[in-house]
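Undergrad:
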Amino acid sequence: RAHRVEHFTESVIREMTRLALRHSAVNLAQGFPDFPAPAELKEAATRAIEEDFNQYAVTWGAKPLRDAIAAKYLRHYALELDPETEITVVCGSTEGMIASLLATTNPDDEIVIFEPYYENYGPDADLCSAKRRYVTLHAPDWTFDPDELRAAFNSKTKAIIVNTPNNPTGKVFTRTELELIAELCQEHDALCITDEIYEHILYDGAVHVPVLTLPGMRDRTILVNSMSKTFSVTGWRVGWVLAAPHLTTSIRKVHDFLTVGAATPLQQAGAFALSLPDKYFIDLAVHYAERRDYLMGLLRVAGLAPYRPAGAYYIMSDIKSIGYSDDVLLSRHLVETVGVACVPGGSFFSRQGLGSHLIRFCFCKKYETLEEAGRRLQRAF
Ligand code: GLN
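Here it is as structure tokens:
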């Protein structure tokens, strides 16, 4: 067994989905929708297959999709991108993140990660033999101490990963916070790799700011995103990486040899999806805001103290309120006996014990699903 795989276990999020299936539990663990994908997208994908877009696309992405990505960023952020040199289509954000890190880090480089963090970033750093440095996000609003962030940067820092809107906390980083991050990246000649997969899932007037648009960051930011969450097609595995040409050249090399390319017909459908009118993106946030409020209510009734997210589609709950202190034990009890799957909070932390008072629920589900989960949770404690 290679040393590089020794330090991480398999994904707890995805293991919880397998456990949910085994125990016929309501799955509020892995973040994927259980309602149908938009009909017009399914039609666009079917049409692309019928029209025989069935062979490899250009390795860094079908031209119509790269053009649609450029048009989307121009429309939403007035950001101009060259589809020929700054956009790479990849197999989901997962590949986008690991390809970006493999393309830019050397062994023993340091990567700054906010904690709690989406669990892939740990193994991603390990696969690059990079060292991780953590900066804590503090509940209830998941702010960080600027001095702690400053202290995490040094001459070995190669990159910081910023996931906003954030999984699992629902934090939306403010412009001021991102400006500090940008300042530190410039001061220490580091890259900022942003995971913006929940970009359009924002509540209560929260605003998403891509670091790529901040002054001085155009040449040192790598933006990773995908169709999964915005278009409710997590199984399509179509994502993209935006970066200045000198970074894109390296990322494309890694991408080419890792996967060759994402599914061609789904890239065609992606071009269609990204061109949907603004109403689609606005309605998405409204749709999730209602579900957030609904699950917040259910969790409160069950006695599970939920933290209100400002974006993304997860809720962290503090389990001390129901007299538990072991996230794994409680999650096991919930999936096996109560019939609701969640993710133990520890999966989002670097060290055992740090997240043991937390569990994460997702609400990208049909009302019936959430209602059933609520019914089961209410009887649980
Ligand atoms: N991002 C989703 C989650 O956190 C699922 C990601 C995955 O399993 N690929 O649940």
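Using the UniProt record's numbering, you'd call the opening residue of the sequence shown number 109 and step up by one each time.
Note that CB positions come from ideal geometry on N, CA and C, so glycine has one too.
Going by the DSSP bridge assignment, what does residue 191 pair with across the sheet?
TA: DSSP lists no partner for residue 191.
Undergrad: Tell me residue 422's beta-bridge partners as DSSP assigns them.
TA: Bridge partners of residue 422: 470.
Undergrad: DSSP state of residue 388, grouped into three classes?
TA: In this structure, residue 388 counts as helix in the three-state DSSP scheme.
Undergrad: Beta carbon of residue 195, beta carbon of residue 348: below 8 Å?
TA: Yes; because the gap between Cβ atoms is below 8 Å, this pair is in contact.
Undergrad: Leaving out five residues on either side along the sequence, give the residues of the same chain with a beta carbon under 6 Å from the beta carbon of residue 221.
TA: 229, 240, 242, 269
Undergrad: Hey, would you say the C-beta of residue 333 is under 7 Å away from at least one heavy atom of the ligand GLN?
TA: At a cut-off of 7 Å, the beta-carbon of residue 333 does not count as near the ligand GLN: no heavy atom of the ligand is closer than that.
Undergrad: Do residue 383 and the ligand GLN come close, with the Cβ less than 7 Å from some heavy atom?
TA: Residue 383: no, Cβ never under 7 Å from the ligand GLN.
Undergrad: Closer than 7 Å: is that where the CB of residue 477 sits relative to any heavy atom of the ligand GLN?
TA: no
Undergrad: Tell me whether residue 306 counts as near the ligand GLN, meaning its Cβ is closer than 7 Å to at least one heavy atom of that ligand.
TA: Not one heavy atom of the ligand GLN is found less than 7 Å from the C-beta of residue 306.
Undergrad: Applying the criterion that 16 or more other CB atoms from any shown protein chain within 10 Å of the CB defines a buried residue, is residue 164 buried or exposed?
TA: By the neighbour-count rule (16 or more Cβ atoms within 10 Å), residue 164 is not buried but exposed.
Undergrad: For my contact list, residue 189 and residue 308 are in at a C-beta cut-off of 8 Å; report their separation, rounded to the angstrom.
TA: With a Cβ gap of about 18 Å, residue 189 and residue 308 do not count as contacting.
Undergrad: If you check the beta carbons only, do residue 466 and residue 453 fall under 8 Å apart?
TA: yes
Undergrad: I need the straight-line Cα distance from residue 301 to residue 207, nearest angstrom please.
TA: If I take the Cα positions, the gap works out to 11 Å.
Undergrad: Ignore the nearest five residues each way along the sequence and tell me which others in residue 432's own chain have a CB closer than 6 Å to its CB.
TA: Excluding residues within five positions, the ones whose Cβ falls inside 6 Å are 438.
Undergrad: Quick one: what's got a C-beta closer than 6 Å to residue 336's C-beta in the same chain, skipping five residues either side?
TA: 342
Undergrad: Quick check on DSSP: helix, strand or coil for residue 483?
TA: Residue state for residue 483 is assigned as helix, using DSSP reduced to three classes.
Undergrad: Starting from residue 381, follow its DSSP beta bridges and name the residues at the other end.
TA: Answer by DSSP bridge pairing: none, since residue 381 is not bridged.
Undergrad: Among 186, 379, 248, 176, which has the Cα closest to the Cα of residue 413?
TA: 248
Undergrad: When we look at the beta-carbon of residue 277 and count the other beta-carbons within 10 Å, is it buried (16 or more) or exposed?
TA: The residue in question, residue 277, is buried, as its Cβ has 16 or more Cβ neighbours within 10 Å.
Undergrad: Should residue 513 be listed as close to the ligand GLN, given that the test is whether its C-beta is under 7 Å from any heavy atom?
TA: Residue 513 is absent from the structure shown; the chain starts at 109 and stops at 489.
Undergrad: Contact defined as beta carbons within less than 8 Å: I believe residue 124 pairs with residue 451. What is the distance between those atoms, to the nearest angstrom?
TA: Contact holds; Cβ gap of about 6 Å.
Undergrad: Would the C-beta of residue 241 count as close to the ligand GLN, meaning under 7 Å from any of its heavy atoms?
TA: no
Undergrad: Whether or not the stretch 289-300 and the stretch 462-478 are in contact is what I'm after, with contact meaning three or more pairs of Cβ atoms, one per stretch, closer than 8 Å; do they touch?
TA: As far as the Cβ criterion goes, the stretch 462-478 does not touch the stretch 289-300, which means the pair count is below three.
Undergrad: How do the stretch 369-387 and the stretch 166-174 stand: do at least 3 beta-carbon pairs fall below 8 Å, yes or no?
TA: yes
Undergrad: Considering only heavy atoms of the ligand GLN, does any lie closer than 7 Å to the CB of residue 119?
TA: yes
Undergrad: Taking 7 Å as the cut-off, is the CB of residue 122 close to at least one heavy atom of the ligand GLN?
TA: yes
Undergrad: Is any non-hydrogen atom of the ligand COA found closer than 7 Å to the C-beta of residue 167, if you look at the structure I gave you?
TA: Inclusion of the ligand COA in the displayed structure is not the case, the ligand content consisting of the ligand GLN alone.
Undergrad: Using DSSP with H/G/I as helix, E/B as strand and the rest coil, what is residue 115?
TA: Residue state, collapsed to three classes: coil.
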